[in-house]
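Residue numbers (my numbering): -12 to 245.
Glycine included, every Cβ here is placed at the ideal spot set by N, Cα and C.
Presented below is the structure to which this report refers.
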Ligand code: DAK
């Protein structure tokens, strides 16, 4: 395999994964998708990692889409197969990961890049970021969950407009529309992500993982979000974190979750 397309860094319990193809504006080729998939699974399996920050290298792009040069020659069957594989391998994996992912959107987040950011649990954008799903301008539709996740985040009408016009929106509009949680200056982007991560790491990782599962259940075919909540709420009572959290409250001290 050629040189790695991602960089992994650790800072206390926060793991930063940086997509590192700046010359191609961090476009997602299949190697990068495989490496990201592996990196997310590894981070999730490590007890010491409580939050993942996902970003792109350089100041110009988070990810400018799937690698157009790679998918330009795909056939109908390859398109379907690769779309399904991509969903399973990266986009659904990210959304359903029990470790929360913060997408630090540091520039263009287009097509597969915005789809990746939308698979994360929290999105923070720099004020120079531009977001869009330009797929129809290339004769395809969003193929990594964009038709579903964009409508869930901004509503059907705005999603239809963004998809059909293939246009880009500013970070400011993305925040107004509920597509990103926060907007910062370029310089403060990682600091803001770490500030949010710092609040998350103080809490119970097992409870956060179960809460992610319950929230996502509402968006999963055949699952009932309320039933999942009831089930997972019950399961919390069997965890060490529940014992520690409630004991700490009674003893008037801060919880020390392992
Ligand atoms: N793929 C490959 N290379 C890309 C790229 C991309 N998506 N985006 C940019 N690059 C490359 C450019 O080709 C250029 O490389 P060189 O020519 O220098 O070798 C380099 O990055 C710098 O780009 P520009 O010179 O174009 O930079 P500008 O500042 O002028 O423009 C831009 C920035 C972001 C406006 C522009 O680069 C641009 O429009 N990029 C393409 C945006 C886009 O259309 N993205 C793709 C959306 S479609 C699939 C599932 C899903 C998908 C596909 C397949 N399957 C399951 C099979 C999803 C598709 C999409 O994401």
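Determine the DSSP secondary structure at residue i, reduced to helix, strand or coil.
i, result
"residue 92", "strand"
"residue 15", "strand"
"residue 173", "coil"
"residue 304", "Only positions -12 to 245 of the chain appear in the structure, and residue 304 is not among them; the question remains open."
"residue 48", "strand"
"residue -10", "coil"
"residue 210", "coil"
"residue 244", "coil"
"residue 84", "coil"
"residue 224", "coil"
"residue 186", "helix"
"residue 73", "helix"
Using a Cβ-Cβ cut-off of 6 Å (strictly less than) and excluding sequence neighbours within five positions of residue i, which residues of its own chain qualify?
i, result
"residue 204", "210, 212, 215"
"residue 170", "112, 114, 158, 162"
"residue 13", "6, 43, 48, 50"
"residue 153", "121, 123, 124"
"residue -6", "5, 7"
In the DSSP assignment, find the beta strand (DSSP E) that holds residue i and state where it starts and stops.
i, result
"residue 112", "109 to 113"
"residue 156", "155 to 157"
"residue 238", "No beta strand (DSSP E) holds residue 238; DSSP gives it neither H nor E."
Identify the residues that DSSP records as bridge partners of residue i: which are they?
i, result
"residue 53", "15"
"residue 117", "95, 157"
"residue 43", "6"
"residue 38", "1"
"residue -5", "4"
Just to confirm my understanding: we take residue i, look at its own chain, exclude 5 residues before and 5 after, and list those with CB closer than 7 Å. What are they?
i, result
"residue 168", "109, 110, 111"
"residue 184", "1, 38, 40, 89"
"residue 101", "118, 119, 120, 133"
So the alpha helix (DSSP H) residue i belongs to, where does it begin and stop?
i, result
"residue 59", "Unbroken run through residue 59: none, as it is neither H nor E."
"residue 125", "Per DSSP, residue 125 belongs to no alpha helix (DSSP H) and is neither H nor E."
"residue 134", "133 to 141"
"residue 193", "192 to 204"
"residue 168", "Neither: residue 168 is in no alpha helix (DSSP H) and is coded neither H nor E."
By Cβ distance below 8 Å, which residues in the same chain neighbour residue i in space, the five residues on each side in sequence not counted?
i, result
"residue -1", "188"
"residue 8", "-8, 14, 16, 19, 44"
"residue 36", "-3, 0, 1, 2, 30, 86"
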